[in-house]
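A.B. asks: In my numbering, the protein residues as written are 30 to 416. Yeah, the Cβ is synthetic: ideal placement off N, Cα and C, and Gly gets one too. These numbers come from a predicted model, not from an experiment.
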Amino acid sequence: MTFDLTPEQDQLRDAVRALGRRYGHGYFVEKAKAGEHTTELWAEAGRLGYLGVNIPTEYGGGGGGITDLAIVCEELAAAGCPLLLLVVSPAIAATVLSRHGTEEQRKRHLPGLADGSQKIVFAITEPEAGSNFHRLGTVASRDGDGWLLNGRKCYISGVDEADHVLVVARTEDSSTGKLKPALFLVPTDAAGLTRSKLDMEIVSPENQFLLYLDDVRVPADALVGESLDAGLPALFAGLNPERITVAAMGAGTGRYAIERASEYTATRKVWGGRSIGSHQGVSHPLAHAAVQVELARLMIQKAATLYDAGRDLEAGVAGNMAKYAAGEAAALAVDTAVQVLGGAGMTTEYGVATLLGAVRAGRIAPVSREMILNFVAQHLLGQEKSY
Numbered sequence: 030m031t032f033d034l035t036p037e038q039d040q041l042r043d044a045v046r047a048l049g050r051r052y053g054h055g056y057f058v059e060k061a062k063a064g065e066h067t068t069e070l071w072a073e074a075g076r077l078g079y080l081g082v083n084i085p086t087e088y089g090g091g092g093g094g095i096t097d098l099a100i101v102c103e104e105l106a107a108a109g110c111p112l113l114l115l116v117v118s119p120a121i122a123a124t125v126l127s128r129h130g131t132e133e134q135r136k137r138h139l140p141g142l143a144d145g146s147q148k149i150v151f152a153i154t155e156p157e158a159g160s161n162f163h164r165l166g167t168v169a170s171r172d173g174d175g176w177l178l179n180g181r182k183c184y185i186s187g188v189d190e191a192d193h194v195l196v197v198a199r200t201e202d203s204s205t206g207k208l209k210p211a212l213f214l215v216p217t218d219a220a221g222l223t224r225s226k227l228d229m230e231i232v233s234p235e236n237q238f239l240l241y242l243d244d245v246r247v248p249a250d251a252l253v254g255e256s257l258d259a260g261l262p263a264l265f266a267g268l269n270p271e272r273i274t275v276a277a278m279g280a281g282t283g284r285y286a287i288e289r290a291s292e293y294t295a296t297r298k299v300w301g302g303r304s305i306g307s308h309q310g311v312s313h314p315l316a317h318a319a320v321q322v323e324l325a326r327l328m329i330q331k332a333a334t335l336y337d338a339g340r341d342l343e344a345g346v347a348g349n350m351a352k353y354a355a356g357e358a359a360a361l362a363v364d365t366a367v368q369v370l371g372g373a374g375m376t377t378e379y380g381v382a383t384l385l386g387a388v389r390a391g392r393i394a395p396v397s398r399e400m401i402l403n404f405v406a407q408h409l410l411g412q413e414k415s416y
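#1: Going by beta-carbon coordinates alone, are Val275 and Val116 separated by less than 7 Å?
#2: Could you name the residues that DSSP lists as bridge partners for Asp228?
#3: Going by other Cβ atoms of all chains shown within 10 Å of its Cβ, with 16 needed for buried, is Glu104 buried or exposed?
#4: Between the segment 104 to 113 and the segment 161 to 169, can you find at least three pairs of beta-carbon atoms closer than 8 Å?
#5: Name the one or two DSSP bridge partners that Val194 has.
#6: With Ile273 and Ala319 assumed to form a contact (beta carbons below 8 Å), what rounded beta-carbon distance in angstroms separates them?
#7: Do Ala358 and Ala325 have their CB atoms nearer than 7 Å?
#8: Taking the alpha helix (DSSP H) that Cys102 belongs to, which residues open and close that run?
#9: Quick check on the burial criterion: 16 or more other C-beta atoms within 10 angstroms. Buried or exposed for Ser225?
#10: Between Ala122, Arg199, Asp228 and Gly173, which lies nearest to Asp192 when the distance is taken from Cα to Cα?
#11: Rounded to whole angstroms, how far is the Cβ of Gly374 from the Cβ of Ala382, which I believe are closer than 8 Å?
#12: Alpha carbons only, please: which of Pro210, Leu242 and Leu80 is nearest the one belonging to Gly260?
#13: When the Cα of Leu268 is compared with those of Leu70, Gly91, Val82 and Ile95, which residue comes out closest?
#14: Considering only residues of the segment 54 to 99, which uninterrupted alpha helix (DSSP H) runs meet the minimum length of 4 residues and lie entirely inside it, listed in chain order?
#15: Just confirm the distance between the C-beta atoms of Glu255 and Gly187, as a whole number of angstroms; I'd bet it's less than 8 Å.
#16: Using only the alpha-carbon positions, how far apart do Tyr285 and Ser307 sit?
#17: Could you pull out every residue in the same chain whose Cβ sits closer than 6 Å to the Cβ of Phe404, ignoring the five residues on either side in sequence?
#18: Find out if the Cβ-Cβ distance for the pair Ala143, Ile84 is shorter than 7 Å.
#19: Assess contact between the segment 237 to 257 and the segment 325 to 335, defined as three or more Cβ pairs (one per stretch) separated by less than 8 Å. Is contact present?
#20: By Cβ distance below 8 Å, which residues in the same chain neighbour Val311 in space, the five residues on each side in sequence not counted?
#21: Determine the extent of the alpha helix (DSSP H) in which Ala354 is found, giving its start and end residues.
#22: Who does Asn179 pair with in a DSSP beta bridge?
#23: Can you check DSSP and say which residues form a bridge with Val247?
#24: For a test of the three-state rule: what should DSSP assign to Lys331, helix, strand or coil?
#25: Which residues share a DSSP beta bridge with Phe238?
#26: What are the partner residues of Arg303, as DSSP defines its beta bridges?
#27: Let me know if Tyr416 comes out buried or exposed under the rule of 16 or more other beta-carbons within 10 Å of its beta-carbon.
#28: Classify Thr124 as buried or exposed, calling it buried when 16 or more other Cβ atoms lie within 10 Å of its own Cβ.
#29: For a quick check, are the C-beta atoms of Pro156 and Gly89 less than 7 Å apart?
#30: For His163, count the other beta carbons within 10 Å of its own beta carbon; 16 or more makes it buried, fewer makes it exposed. Which is it?
#31: Do Thr86 and Gly92 count as a contact pair if the criterion is CB distance below 7 Å?
#32: Anyone know if the C-beta pair for Arg389 and Tyr353 falls short of 7 Å?
#33: Tell me the DSSP bridge mates of Leu252?
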């Protein structure tokens with residue numbers, strides 16, 4: 030067992046850290062509050078190869094794994110730039126296409142995902158279904174040599190920045206008559222696909238949308254994979270990378286908050302000549318948060334290692350645990366940072382309260398902490414399924 034990164038991964042971490050700090054949290058917040066996107070940072074990260082580290086080399090990527098992409102997610106977040114679309118486009122969409130797409134789909138989409146010139150977002154969540162994807166109401170029906178898609182999706186990130194939406198729908202199995210999941214690549218300008226922006230109490234340059242699919246017609250080759258049988262494996266192929274990279278982003282955000290708070294408390298003096306960080310009432314909460322973030326990082330590393338080794342079942346358990354741990358740790362770290370900074374913690378200038386909404390959402394999405402606890406109770410503790 031080793032906790033050391035490879036020399037190449039160490040170099041990646043250092044390089045991404047340097048890139049993130051060149052832009053910084055001020056850039057991130059400025060873009061978010063202006064209703065703009067982090068276009069410059071995304072383009073430069075793509076040009077330098079960081080967006081495609083997990084994509085096979087034959088399609089323009091770095092040939093690495095989710096461990097490498099988790100490094101990118103964590104270090105940009107640790108620089109104050111937690112980019113949600115890293116999770117959606119390189120982690121989910123690129124993984125799904127790499128593992129289950131047709132050769133034509135891989136050639137058409139992976140090079141653009143690798144260099145950042147193309148973004149594909151992911152649409153699974155629905156208003157009525159919530160966390161229960163078995164109740165998805167979006168249906169794909171055969172229409173000649175193509176498909177017709179009808180349904181609604183909610184909380185879909187970055188649709189206004191993307192070329193395609195990877196839509197999870199249900200199709201009818203002709204042999205059984207039962208509905209089974211399938212994934213479709215739908216252009217964001219497709220006829221019948223409309224969207225409505227959701228107003229969110231989160232400081233983020235990435236927007237959330239409601240999607241409406243009304244007789245959206247796509248050709249046969251929009252179906253991901255060679256047949257409908259690819260649907261379920263393709264869907265689950267994207268969920269473990271999603272959890273791992275969301276966790277990495279949370280851990281990076283926690284590191285950023287603790288660093289900002291530690292710099293402040295080490296130099297702030299209001300009681301004589303001692304810094305406020307010399308008082309245990311200030312330093313202990315920060316130290317506790319730092320321990321929780323580091324524990325989460327260990328679980329993220331374990332989950333990513335298992336996933337890259339092809340041990341999907343174990344990676345699913347570890348990935349859920351990593352997401353839970355990082356979500357809790359990030360929320361604790363940001364809240365603690367705000368508290369120890371006092372009034373300064375609530376200002377935009379000090380750059381920690383701007384993350385409160387995002388880390389709170391990290392305890393809900395992409396899977397809630399309660400659903401993860403259900404999963405752990407059932408699969409690790411042998412408890413009866415509760416839902």
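C.D. replies: According to the structure data:
#1: Against the sequence shown, residue 275 aligns to sequence position 246. Against the sequence shown, residue 116 aligns to sequence position 87. Yes. Within cutoff.
#2: As a working note, residue 228 is residue 199 in the sequence shown. Answer is none; Asp228 lacks a bridge partner.
#3: Reading the sequence shown from its first residue, position 75 is the one you call residue 104. Result: buried.
#4: no
#5: As a first step, residue 194 is located in the sequence shown; it is residue number 165 there, counting from the start. Paired residue(s): Val150 and Val215.
#6: Taking the sequence shown and counting its residues from 1, one reaches residue 273 at position 244. Taking the sequence shown and counting its residues from 1, one reaches residue 319 at position 290. No, Ile273 and Ala319 are not in contact; Cβ-Cβ is about 21 Å, not under 8 Å.
#7: Sequence index remark: in the sequence shown, residue 358 carries index 329 (1-based). Sequence index remark: in the sequence shown, residue 325 carries index 296 (1-based). Cβ atoms of Ala358 and Ala325: closer than 7 Å.
#8: Within the sequence shown, residue 102 is the residue found at index 73, counting from 1. Element bounds for Cys102: Ile95 to Ala107.
#9: What you label residue 225 is simply residue 196 of the sequence shown in a count that begins at 1. Result: exposed.
#10: For the purposes of this step, residue 192 is taken as the residue at position 163 of the sequence shown. Answer by Cα proximity: Ala122.
#11: Here residue 374 refers to the residue found at position 345 of the sequence shown. Here residue 382 refers to the residue found at position 353 of the sequence shown. With a Cβ gap of about 6 Å, Gly374 and Ala382 count as contacting.
#12: On the sequence shown, position 231 is the one that residue 260 refers to. Closest option to Gly260, Cα to Cα, is Pro210.
#13: Along the sequence shown, read from residue 1 onward, the residue named residue 268 stands at position 239. Nearest option by C-alpha distance: Ile95.
#14: 68 to 76
#15: Residue mapping note: residue 255 aligns to position 226 of the sequence shown, counting from 1. Residue mapping note: residue 187 aligns to position 158 of the sequence shown, counting from 1. Not really, about 28 Å apart at Cβ, beyond 8 Å.
#16: Taking the sequence shown and counting its residues from 1, the one referred to as residue 285 is at position 256. Taking the sequence shown and counting its residues from 1, the one referred to as residue 307 is at position 278. Roughly 21 Å between the two C-alpha positions.
#17: Along the sequence shown, one-based indexing puts residue 404 at 375. Contacts found: Asn349.
#18: Here residue 143 is taken as the residue at index 114 of the sequence shown, counted from 1. Here residue 84 is taken as the residue at index 55 of the sequence shown, counted from 1. Yes. Within cutoff.
#19: no
#20: What you label residue 311 is simply residue 282 of the sequence shown in a count that begins at 1. Around Val311: Thr294, Ile305 and Val369.
#21: On the sequence shown, residue 354 is found 325 positions in, with the first residue counted as 1. Taken as a continuous stretch (DSSP letters only), the alpha helix (DSSP H) holding Ala354 covers Asp341 to Leu370.
#22: Working through the sequence shown from its first residue, we reach residue 179 at position 150. Paired residue(s): Val168.
#23: Translated into positions along the sequence shown, residue 247 becomes position 218. Paired residue(s): Trp176.
#24: Residue 331 sits at position 302 when you count from the first residue of the sequence shown. It is helical.
#25: Here the question's residue 238 lines up with position 209 in the sequence shown. According to DSSP, Phe238 bridges with Ile185 and Lys226.
#26: In the sequence shown, residue 303 corresponds to position 274, counting from 1. Answer is Trp300.
#27: On the sequence shown, residue 416 is found 387 positions in, with the first residue counted as 1. Its Cβ having fewer than 16 others within 10 Å, Tyr416 is exposed.
#28: Counting from 1 along the sequence shown, the entry for residue 124 is found at position 95. Buried.
#29: As a first step, residue 156 must be located in the sequence shown, where it is residue number 127. As a first step, residue 89 must be located in the sequence shown, where it is residue number 60. For Pro156 and Gly89, no; Cβs fall outside 7 Å.
#30: For this step, residue 163 is matched to residue 134 along the sequence shown. It counts as exposed.
#31: The residue you call residue 92 lines up with position 63 of the sequence shown. The residue you call residue 86 lines up with position 57 of the sequence shown. Contact flag set, yes.
#32: Sequence index remark: in the sequence shown, residue 389 carries index 360 (1-based). Sequence index remark: in the sequence shown, residue 353 carries index 324 (1-based). No, these two residues do not count as a Cβ contact at 7 Å.
#33: Here residue 252 refers to the residue found at position 223 when the sequence shown is read from its first residue. DSSP output for Leu252 lists Phe213 as bridge partner(s).
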